[in-house]
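This report refers to the structure that appears directly beneath it.
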Amino acid sequence: MKNFVQKGEAITVAAPAAVASGEGVLVGALFGVASGDAASGEDVTIQTLGVFELPKASTDVVTVGAAVYWDATEGEVTVTATDNTFIGHAVAAAGNPSGTARVRLSV
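Residue numbering for the sequence shown follows my numbering, beginning at 44 and increasing consecutively.
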C-alpha cells in the first residue's frame, strides 16, 4: 500500500510542556504516554496504544471497563467526562483514595 505511513502505536509530537518519561501527554485531542523526557516544544515520542498505570484523581472510584478521561489541568485520569478528554478504559479497579489507575489507551 503506497500511502501507509506507520502503525501509529508510537507518534512523535512537539511536547506541549516539559514532560518526563511515563507522563501523560495531551496534544489537542491526541493522548499518549511519553516514552522519554522532553522540554516544552521538543520532539517527544508518545505511546498511543497499550496499558499504562497513570495518576488518577484520588477520590474517584474506577471500575473495570469504565471509560476514563484525562484531566489536563490536574495531569491525571478521572471518570469525569465534562471538560476532559476520553483516553480509554480502566482494566483494573481503583478505589478512593488510590492515586493510580491502569488504563488501556483507545484511539
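Where is the CB? At the ideal position from N, CA and C, for every residue including glycine. If you're wondering where the values come from, they're calculated on a predicted model, not measured in any experiment.
- Here K50 carries a coil assignment [DSSP, helix/strand/coil].
- Taking G118 as the centre and dropping the five residues before and after it, the same chain places the C-beta of E66, G67, P98 closer than 8 Å to its C-beta, in chain order.
- For A53, the closest of T121, Q90, S149, V105 by C-alpha to C-alpha distance is Q90.
- For D86, the secondary structure class from DSSP, reduced to helix, strand or coil, is strand.
- Going by beta carbons, V111 and A144 fall inside the 8 Å limit.
- In the same chain as G51, and ignoring 5 residues on each side of it, the C-beta atoms closer than 8 Å to its own belong to T91, L92, V150, in chain order.
- Residue environment for D103: buried (at least 16 other C-beta atoms within 10 angstroms of its C-beta).
- In summary, D114 is buried, with 16 or more beta-carbon neighbours lying within 10 Å of its beta-carbon over all protein chains present.
- Taking T128 as the centre and dropping the five residues before and after it, the same chain places the C-beta of L69, A72, F74, Y112, W113, A115 closer than 8 Å to its C-beta, in chain order.
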